[in-house]
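Each position in the sequence shown, counted from 1, maps to that position plus 5 in our numbering.
Each residue gets a CB set at the ideal place from its N, CA and C atoms; glycine is no exception.
Here's the structure, in structure tokens; my notes come after.
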Amino acid sequence: MGNILHSYGLKVAAIKIDPYLNWDSGTLNPYQHGEVFVTFDGMETDLDLGHYERFLDVELPGSSNITTGKVYESVINKEREGKFLGACVQVIPHITDEIKQMIRDTSESGNFDIVLIELGGTVGDIESQPFLEALRQLRNEEGSSNVMFAHVTFIPYLNAAGEFKTKPTQHSTKELRSTGINPDIIVCRSQEPIDNDLKSKIAHFCDVDSEAVVNTPDAGSIYEVPLVLEENNVGNFIIKRLQLDITADSSRLDPWRSIVKSLKIQDPTVKIGVIGKYVELEDAYTSIRESLLHAAAAISVNVDVEFISSDVDNLNLDSLNDLDGILIPGGFGERGVEGKLDAVDYAIENDVPIFGICLGMHSMVIQFARRSGFSGANSSEFDENNKYPVIDLMEEQKKINNMGGTMRLGSYDCKLLKNTKSFEAYGDELISERHRHRFEFNNEYRDQLVEKGLIVSGTSPDDFLVEIIELPNHPWFVGCQFHPEFKSRPNRAHPLFYSFLKAAFEFYKNK
Ligand code: GLN
Numbered sequence: 006m007g008n009i010l011h012s013y014g015l016k017v018a019a020i021k022i023d024p025y026l027n028w029d030s031g032t033l034n035p036y037q038h039g040e041v042f043v044t045f046d047g048m049e050t051d052l053d054l055g056h057y058e059r060f061l062d063v064e065l066p067g068s069s070n071i072t073t074g075k076v077y078e079s080v081i082n083k084e085r086e087g088k089f090l091g092a093c094v095q096v097i098p099h100i101t102d103e104i105k106q107m108i109r110d111t112s113e114s115g116n117f118d119i120v121l122i123e124l125g126g127t128v129g130d131i132e133s134q135p136f137l138e139a140l141r142q143l144r145n146e147e148g149s150s151n152v153m154f155a156h157v158t159f160i161p162y163l164n165a166a167g168e169f170k171t172k173p174t175q176h177s178t179k180e181l182r183s184t185g186i187n188p189d190i191i192v193c194r195s196q197e198p199i200d201n202d203l204k205s206k207i208a209h210f211c212d213v214d215s216e217a218v219v220n221t222p223d224a225g226s227i228y229e230v231p232l233v234l235e236e237n238n239v240g241n242f243i244i245k246r247l248q249l250d251i252t253a254d255s256s257r258l259d260p261w262r263s264i265v266k267s268l269k270i271q272d273p274t275v276k277i278g279v280i281g282k283y284v285e286l287e288d289a290y291t292s293i294r295e296s297l298l299h300a301a302a303a304i305s306v307n308v309d310v311e312f313i314s315s316d317v318d319n320l321n322l323d324s325l326n327d328l329d330g331i332l333i334p335g336g337f338g339e340r341g342v343e344g345k346l347d348a349v350d351y352a353i354e355n356d357v358p359i360f361g362i363c364l365g366m367h368s369m370v371i372q373f374a375r376r377s378g379f380s381g382a383n384s385s386e387f388d389e390n391n392k393y394p395v396i397d398l399m400e401e402q403k404k405i406n407n408m409g410g411t412m413r414l415g416s417y418d419c420k421l422l423k424n425t426k427s428f429e430a431y432g433d434e435l436i437s438e439r440h441r442h443r444f445e446f447n448n449e450y451r452d453q454l455v456e457k458g459l460i461v462s463g464t465s466p467d468d469f470l471v472e473i474i475e476l477p478n479h480p481w482f483v484g485c486q487f488h489p490e491f492k493s494r495p496n497r498a499h500p501l502f503y504s505f506l507k508a509a510f511e512f513y514k515n516k
């Protein structure tokens, strides 16, 4: 919806509400909640913020992710400061007021026409109740023509009975109503399209306009969803409902249509292996997968992303044989690291393009050091007493005990060395990228490793922190300390992903 309104020329902000108690997503296991996204200002957030940035082509502040933890912390701090003047502090009004304030603060932080708020979880969850109540109050306070509600439901198909079931939608709408919120529009997800009779039935039982029941059957790609909604006149419905002074102009989605078209290219197919330890849940690498798709679309190829587990004593090298490129993503902890080191070795031996991100870059440095005579070199993340800690805890991290929000986080500038692959990719001397790490390239080994042939192609502007490393005499061997995947857009592939995929395509052509 945001994408449609953005295409019409409106300025759209997006907020994700996660009703869990965690203050942010930083300490969540990627197996449970997928990747931890990082905003430019260094907030560790839900991965939906990444989708919002990609669909709205914006950079959202960390305050766009509201959690129960943040809301309660803020209210309790105010209580400790005596700001409530002796009042008994309660969920209503204090928690609900705080939620509304957080929404308004984000809305007012930019000159936005529309603020989209996604409330995670399911209607009926105990932890969602204060948020539903706050949103209900918001409609009263802002006026009904300024606030509308979309209820997203699932229409299951029962194979045994050979029919779709609308009951769950009827029940969840009833549950939503009991909070005082009437949905203006019901978006029904389903595996296959549902017919008009079923839509009329839902409109009838849930008491919404028939044009307000919109079906979004599973699409080939998430990027097609705005087009499905547009075909169902959702943009126009919102404009009318919110009495916006613009007209729905579907042709304004043409640039998006051509992006979707280039994402559908089937041939040739370049195969990239992502060697990580959270591979059972692809959501753990959402932004990386999307960045590869964007890069593939930009060079008019298809990309087949294969997730390969590094979590084996020795990575099965045969599984790398048919890859055109290897990507080693970020990660934490020792499990799976030796498999990543094997993959780095394989890429060096076989001249396969390889891209290391954060822990991936660490793996490249460790393996390069081991091959250059620093036998058994390691990161102190995995072996504190190692003889050659080529990756070490950052100085500023040594005094930190708390886990949450304490890494080196968010955007930092990086200076590029000319005549390197990185400089060629960016075409710029100064770049800015988002970070999330505690360990870094150990400067004690910098001169020695450079002497052995490693290129330090990116550093912090003061030259102190190593941000990018490369190898000469290799088709594409680039490791970066930051996470470029957070800045890739469907309409603007990230320079490093683009350059990596081009090298992988060359490898494919020369096979
Ligand atoms: N575990 C490593 C560190 O903390 C790498 C982090 C990452 O890959 N995001 O520095």
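Measure the C-alpha to C-alpha separation of residue i and residue j and round it to an integer number of angstroms.
i    : j    : result
N510 : E311 : In the sequence as displayed, the identity of residue 510 is Phe instead of Asn. Taking the straight line joining both Cα atoms gives about 16 Å.
L163 : G341 : 40 Å
V152 : S493 : 31 Å
P500 : I207 : 46 Å
R497 : H299 : 7 Å
P135 : G126 : 13 Å
T5   : R246 : Residue numbering for the chain in the displayed model covers 6 to 516; residue 5 lies beyond these limits and cannot be assessed.
F60  : K392 : 47 Å
Y283 : G338 : 12 Å
G167 : C211 : 23 Å
I186 : I293 : 37 Å
N307 : A217 : 36 Å
T221 : R194 : 5 Å
V63  : E123 : 17 Å
N201 : A352 : 54 Å
L10  : N82  : 37 Å
S296 : L422 : 24 Å
F373 : E386 : 17 Å
As a quick exercise: from the options, pick the residue whose alpha carbon is nearest that of residue i.
i    : options                   : result
N116 : L15, S215 and A302        : L15
S112 : R294, D350 and S68        : S68
G1   : K423, L421, H442 and S416 : Here the chain covers residues 6 to 516 and nothing more, so residue 1 does not appear.
I362 : F428, N82 and V279        : V279
E475 : G463, D468 and D467       : G463
P66  : T72, G87, S384 and S114   : S114
G74  : S133, A18, E86 and F89    : S133
D130 : D23, S305, S215 and A166  : D23
D250 : Y13, F491 and E490        : Y13
S324 : F89, N307, K345 and C419  : K345
P198 : Y228, F159 and I190       : F159
F487 : N70, G335, D388 and D223  : G335
Just to confirm, is the Cβ distance from residue i to residue j under 8 Å?
i    : j    : result
V120 : E103 : no
S504 : K426 : yes
P188 : T178 : yes
I359 : I396 : no
V471 : V461 : yes
A155 : V213 : no
K507 : I304 : yes
I227 : M6   : no
S255 : E235 : yes
I want to see whether chain C comes within less than 8 Å of residue i, judged by CB atoms only; does it?
i    : result
L181 : This model lacks chain C altogether, as it is built from one protein chain only.
Nearer than 7 Å: is that true of the beta carbon of residue i relative to any heavy atom of ligand 3?
i    : result
S114 : Among the ligands modelled here, namely ligand 1, ligand 3 does not occur.
Any 3 or more C-beta pairs closer than 8 Å across the segment 95-109 and the segment 134-145: Counting C-beta pairs closer than 8 Å gives three or more between the segment 95-109 and the segment 134-145, which meets the contact rule.
With three or more beta-carbon pairs closer than 8 Å as the criterion, would you say the segment 376-391 touches the segment 473-485? Fewer than three beta-carbon pairs drawn from the segment 376-391 and the segment 473-485 are found closer than 8 Å, and the two stretches are therefore not classed as touching.
For the 8 Å Cβ check, are there 3 or more pairs between the segment 280-299 and the segment 31-41? Enough Cβ pairs lie closer than 8 Å, so yes.
Do the segment 41-58 and the segment 413-423 touch if we need at least three Cβ pairs shorter than 8 Å? Taking a contact to require three or more Cβ pairs closer than 8 Å, the segment 41-58 and the segment 413-423 qualify as touching.
Taking a cut-off of 5 Å, which residues have a beta-carbon closer than that to any heavy atom of ligand 1, in chain order? For ligand 1, the selected residues are G335, F337, C363, L364, R441, H442, R443 and F444.
Stretch-stretch touch, CB-based, cutoff 8 Å, three pairs: the segment 433-449 with the segment 314-328: Segments in contact, no.
Would you call the segment 231-240 and the segment 266-283 touching, i.e. three or more CB-CB distances under 8 Å? They do not touch, by the three-pair rule.
Pairs of beta-carbons, one from the segment 444-457 and one from the segment 419-434, closer than 8 Å: are there three or more? With the rule of 3 Cβ pairs closer than 8 Å, the segment 444-457 does not count as touching the segment 419-434.
Report yes or no: do the segment 254-263 and the segment 197-207 share at least 3 C-beta pairs separated by less than 8 Å? Segments in contact, no.
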